[in-house]
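Colleague: Starting off with a structure, shown below.
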Amino acid sequence: MERREWTNANVAQSYANVFAKAADMVVPHLVEAAGAGEGTIALDLCCGHGNVTAGLVKVGAQVTGLDFSPAMLDMARAAVPEARLVQGDAMALDFADASFDAVTIGFGLPHVPDPPRVVFEVRRVLRPGGRLAFSVWCGPEVDTALGYVFGAIARLGVPDIALPPGPGANDYADPAIAFPVLQAAGFADFSQTVIASSWQVSDPGAPYDYFRDGTARGGALLRSQPPENAAAIRADVVATVLEKHGKGPEWRVPIPAVVTAAVAI
Ligand SMILES: C[S@@+](CC[C@H](N)C(=O)[O-])C[C@H]1O[C@@H](n2cnc3c(N)ncnc32)[C@H](O)[C@@H]1O
Numbered sequence: 004m005e006r007r008e009w010t011n012a013n014v015a016q017s018y019a020n021v022f023a024k025a026a027d028m029v030v031p032h033l034v035e036a037a038g039a040g041e042g043t044i045a046l047d048l049c050c051g052h053g054n055v056t057a058g059l060v061k062v063g064a065q066v067t068g069l070d071f072s073p074a075m076l077d078m079a080r081a082a083v084p085e086a087r088l089v090q091g092d093a094m095a096l097d098f099a100d101a102s103f104d105a106v107t108i109g110f111g112l113p114h115v116p117d118p119p120r121v122v123f124e125v126r127r128v129l130r131p132g133g134r135l136a137f138s139v140w141c142g143p144e145v146d147t148a149l150g151y152v153f154g155a156i157a158r159l160g161v162p163d164i165a166l167p168p169g170p171g172a173n174d175y176a177d178p179a180i181a182f183p184v185l186q187a188a189g190f191a192d193f194s195q196t197v198i199a200s201s202w203q204v205s206d207p208g209a210p211y212d213y214f215r216d217g218t219a220r221g222g223a224l225l226r227s228q229p230p231e232n233a234a235a236i237r238a239d240v241v242a243t244v245l246e247k248h249g250k251g252p253e254w255r256v257p258i259p260a261v262v263t264a265a266v267a268i
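At position 42 of the sequence shown the residue is numbered 45 (my numbering), and the sequence of numbers has no breaks.
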């Protein structure tokens, strides 16, 4: 499902053009948490259209970006010609042991079927002392567009439209899940920082549109709803944005993220 959705050029372009406005706000924090600077040999996993890759290049790192979506890689190659961009699977890296100083994963870990396997692969390709930094969206326990949309789907969507089994979208925002996986793979010095990322929108239904058009999970759940359920879900998102963030005519809708950092031992 993830591969099918992210390989769809419409989904990839919509993610890059609108949804990723919030992901872009997280990029400097990921670059800093990865300790990247002049001459750092960096790997950007699940690089997508290259926003984190570009952030790493900007501080002088030598960057390899990896993604399994050709549509994403086409955009990344156009945006960041300085980087080496390769097609591959984050769960089975075709790189030598200890060949990188830093690895970033911007909003990629929840999309792989087996996140601990990615963390083990990252540890293998990092040199001792190298740093991993990854971001995931905060869960629905805080005010977040993600909670507004997925809450509305749970209440108003057709119950048998469901996702295939996989990790929870926000599992790795939880230190009780993330830190033991990092420790088991050979990392230490874990830390987490919450980033107040958000979207500035002039339509209170925009978060619904962004998830429907530019994400794998949201898209798979929303695009197949019958019209009456889709309309009810969108109306519910509009009502939540108005209730929580005022009458408009512009809204800053929060979609906060967590950046987790760790050092390879
Ligand atoms: C939400 S986008 C994140 C893009 C970018 N890193 C950012 O921070 O905005 C997730 C990306 O992960 C990629 N992806 C998902 N599973 C993957 C896997 N197993 N191997 C490589 N890339 C994967 C998708 O193609 C997509 O480009």
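Backbone N, C-alpha and C fix where the C-beta goes; we use that ideal spot for every residue, glycine too. Here the structure is a predicted model, which is why all the values come from computation and not from measurement.
Along the chain, where does the beta strand (DSSP E) containing P131 start, and where does it finish?
Modeller: Note, P131: beta strand (DSSP E), 129-140.
Colleague: Quick one: what's V121 bridged to in DSSP?
Modeller: Answer is none; V121 lacks a bridge partner.
Colleague: Give the secondary structure of V83 by DSSP, where H, G and I count as helix, E and B as strand, and everything else as coil.
Modeller: Three-state result, V83: coil.
Colleague: For the beta strand (DSSP E) holding S194, just list the boundary residues, first then last.
Modeller: From DSSP, the beta strand (DSSP E) with S194 extends over 190-198.
Colleague: Can you tell me which residues form a DSSP beta bridge with P257?
Modeller: In the DSSP output, where bridge partners are listed per residue, P257 has S201.
Colleague: Which complete alpha helix (DSSP H) runs does the stretch 48-77 hold, if anything under 4 residues is left out?
Modeller: Listed in chain order, the complete alpha helix (DSSP H) runs (minimum 4 residues) inside the stretch 48-77 are 54-61.
Colleague: Output needed for D27: all residues of its chain with C-beta closer than 6 Å, excluding positions within five of it in sequence on either side, in chain order.
Modeller: Excluding sequence neighbours, D27 sits near N54.
Colleague: Flag this pair as yes or no: are the beta carbons of R120 and M94 separated by less than 7 Å?
Modeller: A contact, by the Cβ cut-off of 7 Å.
Colleague: Contact between the stretch 238-247 and the stretch 167-179 is defined here as three or more beta-carbon pairs at a separation below 8 Å; is this criterion met?
Modeller: With the cut-off at 8 Å, the stretch 238-247 and the stretch 167-179 do not touch.
Colleague: Does V241 come out as helix, strand or coil in the three-state DSSP assignment?
Modeller: V241: helix per DSSP, three-state reduction.
Colleague: If you draw a straight line from the C-alpha of V145 to the C-alpha of I258, how long is it?
Modeller: Looking at the two C-alpha atoms, the distance is approximately 9 Å.
Colleague: From which residue to which residue does the beta strand (DSSP E) around G109 run?
Modeller: From DSSP, the beta strand (DSSP E) with G109 extends over 103-109.
Colleague: For the candidate residues P113, S72, V66, Q195, whose alpha-carbon lies nearest to that of V266?
Modeller: Ranking the options by Cα distance to V266, first place goes to Q195.
Colleague: Among residues of its own chain, excluding the 5 on either side of A155, which ones have a beta-carbon nearer than 6 Å to its beta-carbon?
Modeller: Excluding residues within five positions, the ones whose Cβ falls inside 6 Å are I236, D239, V240.
Colleague: So, for E5: in the same chain, excluding its five sequence neighbours on each side, which residues have a beta-carbon less than 7 Å away from its beta-carbon?
Modeller: For E5, where only same-chain residues beyond five positions count, the Cβ hits under 7 Å are H114, A219.
Colleague: Can you check whether the CB of D104 is closer than 7 Å to the CB of T56?
Modeller: No, the pair does not count as a contact, with Cβ atoms beyond the cut-off.
Colleague: Give the range of the alpha helix (DSSP H) segment to which S227 is assigned.
Modeller: Neither: S227 is in no alpha helix (DSSP H) and is coded neither H nor E.
Colleague: Does the distance from the CB of A37 to the CB of R134 come in under 7 Å?
Modeller: In contact: A37 and R134 (Cβ atoms closer than 7 Å).
Colleague: If you follow the alpha helix (DSSP H) that I268 is part of, which residue opens it and which one closes it?
Modeller: Looking at the DSSP string, I268 is not in any alpha helix (DSSP H), and its letter there is neither H nor E.
Colleague: Would you say P84 and V152 are within 7 Å of each other, going by their C-beta atoms?
Modeller: No. Outside cutoff.
Colleague: Short of 7 Å in beta carbon distance, which residues of its chain neighbour P116, apart from the five on each side in sequence? Order them along the chain.
Modeller: Once the five neighbours on either side are set aside, the close Cβ partners of P116 are G169.
Colleague: In this structure, how does DSSP classify A148 when only helix, strand and coil are distinguished?
Modeller: In this structure, A148 counts as helix in the three-state DSSP scheme.
Colleague: In three-state DSSP terms, what is T218?
Modeller: Note: T218 maps to coil in three-state DSSP.
Colleague: Given a threshold of 16 other Cβ atoms within 10 Å of its Cβ, counted over all protein chains shown, does S227 qualify as buried or as exposed?
Modeller: When all chains shown are included, S227 counts as exposed.
Colleague: Starting from A172, trace the alpha helix (DSSP H) both ways and give me its first and last residue.
Modeller: Element bounds for A172: n/a, residue is neither H nor E.
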